[in-house]
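Okay, structure first, notes after.
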Amino acid sequence: MAKEFICIVCPRGCHVSVDDLGKITGNQCKRGETYVINEMTNPKRVLTTTVKTIFPEVPRASVKTKEAIPKGLIYQAMALINQVVIEKEMHIGEVIIPNILNTGVDVVLTKEIRRKEER
Amino acid sequence: MIVDVIVIGGGASGLAAAISVKKRNKQVLLIERENELGGILNQCIHNGFGLEVFKEEYTGPEYAYKFIEEFNDLKIDYLLNTTVIKLVKNGDEFVVTISSTAQGLKEIKAKAVIISSGCYERTRGQIAMPGERPRGVITAGSAQRYLNINGYMVGKKAFILGSGDIGLIMARRMHLEGAEVLGVAEIMPYSNGLNRNIVQCLNDFDIPLYLSHTVTNVESDDSKRLKAITIQQVDERFNPISGTEKRFEVDTLLLSIGLIPDITLLDDLSVEVDQKTKSSKINQAYETSVPGLFICGNSLQVHDLVDNVSKESSRAGNCTADFLENKFKPRKKINIIPGKNILYVAPQYLDFGWDFTDLIISFRSSKKLEKAIAKVYQGDNLVYQKRRTFVVPAEMETISFPYQELNDSQDIRVELEEL
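So the sequence lines, in the order shown, correspond to chains E and X.
Anchor point for the first sequence: position 58 equals 58 in this note's numbering, and the numbering is continuous, going up by one each time.
Anchor point for the second sequence: position 86 equals 1086 in this note's numbering, and the numbering is continuous, going up by one each time.
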């Protein structure tokens, strides 16, 4: 069974396929091969989502994994992040969950949490 | 009291414009209708922003914060929760009528105005979609706001019409938050979204993309909530092909069917509108046909990358400062015309009254070209050319070249020659 990929390294978007023997075809440059090997062996993604806060004027705060985490862990990571509730004012970049699922990657805030000023 | 510049809108565009005007020691007042600065970036929690401007990958709120910090450091005046409801010009002065709960109705005068009011989403009313009119049919951007800012899911089983980036991003977002996303239909034979989003938002989660398909029926349940939709394949003239119907039981249909510059504020001013960009025509200084009225960002042309919005708006801010310093004398303007394989160009005019070194032209191609040369002609004279690869309508292109050698009597034409 050949496996199909769309390379996303550049806007060209080569359709690359890998056959049962591991032969890679369809890529127009070397970077496409590297991309497909990573996707086959250990695909990783940055996960971005939100967490709850106790502030009615800022009910949600956005967060991200600071680095990409293995694609297979995304659902488990979502479940953990969804348990978090922010209870104090915090800064962008502050760690919400350290070393999530032992990946060595922290989940950090991507938004300042400030109660809204009147202006 | 009269301020130098009023900037309308505090998103990516307004922030960059206000910062560049302030750095030229002009007095700036920025007006934002939401309760915080940052605009649409605040709800775009995904990453991929800033690769061009900062050489790093940020999420939307992080990208906005970079600019908000600089904005605050410069101590620029701004109003939140304030809507501009009217904009007129009396002689050389602009009169801006604002409305807010805190201040009521108020008029503010300015020597120049920068419109950075962004764009709005096309809705169901703007396409011919048959069927009933239940709740649950909503634009993708609205759903994104409800989910990422307010924390509400708009439904549990969703289908998405239109493969623009917002639709693709929302497919992944709703899926990750536990909704069932049954598919994305796109009327064109190709997607309008970035390849990266097709791969990481749809393929990663096995969400099917139906190309050359559109929604041809909408069904409502007894409580007037969406019950099901039907999609159908279309032929090359976009007519539905019978026998290709697929019915999906869903409670939500997200629409990602295009964006239109928001220029409703210009209604009381006699600006010249470009039917292609659906916004005001401008000269190379981002100035509309009303002297002192500038426009940039998504209210000028819908961008695909926020980095380009920031760069463009920063230039517009600088031009506004030039205007205040009388660094230009209206002299003679020529047209910049979209030629072969070009959908639109901005600016649409080159005004020789402005002192400039380079002419920067943004454009979109009208079709996908693997290899092309962008060529600029004045009359029969080729004045500039540059090779381009993988030009697609979904990605805005920009060229820049010195224009001292152009004459002020012949129009300029931009073309894309296929190789």
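Ideal Cβ placement from N, Cα and C applies to all residues, glycine included.
For arginine 1172 of chain X, no beta strand (DSSP E) encloses it; the enclosing alpha helix (DSSP H) starts and ends at 1165 to 1176.
In this structure, the beta-carbon distance from lysine 1281 of chain X to valine 1273 of chain X falls below 8 Å. DSSP, reduced to helix, strand and coil, places cysteine 1119 of chain X within a strand of the structure shown. For the pair lysine 1340 of chain X and leucine 1416 of chain X, the CB atoms are nearer than the 8 Å cut-off. The beta carbon of isoleucine 97 of chain E does not come within 8 Å of any beta carbon belonging to chain X, so the residue lies off that interface.
By the criterion of a C-beta distance shorter than 8 Å, serine 1242 of chain X is surrounded in its chain by Gln1232, once the five residues flanking it on both sides are discounted. The residues Phe1352 and Asp1408, in chain order, have a CB closer than 7 Å to that of lysine 1332 of chain X in the same chain once the five nearest residues on each side in sequence are set aside. Contact of isoleucine 1149 of chain X with chain E is assigned, a C-beta pair being separated by under 8 Å.
It is roughly 46 Å from the alpha-carbon of methionine 90 of chain E to the alpha-carbon of glutamine 1275 of chain X. Chain order gives the chain E residues near valine 1199 of chain X as Ile6 and Ile8, where near means a beta carbon separation below 7 Å.
Rounded to whole angstroms, the separation of the alpha carbons of aspartate 1235 of chain X and isoleucine 1085 of chain X is 44 Å. Taken through DSSP and simplified to helix, strand or coil, glutamine 1126 of chain X comes out as helix. Near chain E, meaning a CB-to-CB distance below 7 Å, the residues of the region 1167 to 1195 of chain X are Leu1176 and Asn1195.
Secondary-structure assignment with DSSP links leucine 1079 of chain X through a beta bridge to X/Ile1031. Between isoleucine 6 of chain E and cysteine 1319 of chain X, the alpha-carbon positions lie close to 42 Å from each other. Looking from the CA of isoleucine 1187 of chain X, the closest CA among X/Leu1168, X/Leu1211 and X/Glu1180 belongs to X/Leu1211. Among the CB atoms of chain E, one or more fall inside 8 Å of the CB of glutamate 1062 of chain X.
Under a criterion of Cβ atoms nearer than 9 Å, the residues of chain X adjacent to glutamate 112 of chain E are, in order, Pro1061, Tyr1065 and Ile1068. A straight-line Cα-Cα distance of about 27 Å links aspartate 1222 of chain X and glycine 1151 of chain X. Cα atoms of alanine 1285 of chain X and leucine 1037 of chain X: separation of roughly 25 Å, rounded to the nearest angstrom. Under the 8 Å criterion on CB atoms, threonine 34 of chain E is classed as non-interfacial with respect to chain X.
At least 8 Å separates the CB of asparagine 1308 of chain X from every CB of chain E. Under DSSP, serine 1280 of chain X forms a beta bridge with X/Val1273. In the three-state reduction of the DSSP assignment, asparagine 1197 of chain X falls in the helix class. DSSP, reduced to helix, strand and coil, places aspartate 1004 of chain X within a strand of the structure shown. CA-CA distance, isoleucine 1198 of chain X to glutamine 1385 of chain X, rounds to 32 Å. The Cβ atoms of valine 1306 of chain X and phenylalanine 1049 of chain X lie closer than 8 Å to each other. In the three-state DSSP reduction, threonine 1252 of chain X falls in the strand class (E or B).
The DSSP assignment places complete alpha helix (DSSP H) segments of no fewer than 4 residues inside the region 1033 to 1104 of chain X at 1060 to 1073, in order along the chain. Using a Cβ-Cβ cut-off of 8 Å, isoleucine 1108 of chain X does not count as an interface residue toward chain E, since no Cβ of chain E sits closer than that to its own. Looking only at X/Asn1025, X/Leu1041, X/Glu1107 and X/Asn1081, the smallest Cα-Cα distance to alanine 1012 of chain X is reached by X/Leu1041.
No Cβ of chain E is located within less than 8 Å of the beta carbon of isoleucine 1076 of chain X.
With respect to chain X, the C-beta atom of lysine 88 of chain E has no partner C-beta closer than 8 Å. Threonine 110 of chain E is a Cβ neighbour of lysine 64 of chain E, given a cutoff of 8 Å. If you look at glutamate 1245 of chain X, you'll find it isn't in any beta strand (DSSP E); DSSP assigns it neither H nor E. The three-state reading of DSSP puts isoleucine 74 of chain E in helix, counting H, G and I together.
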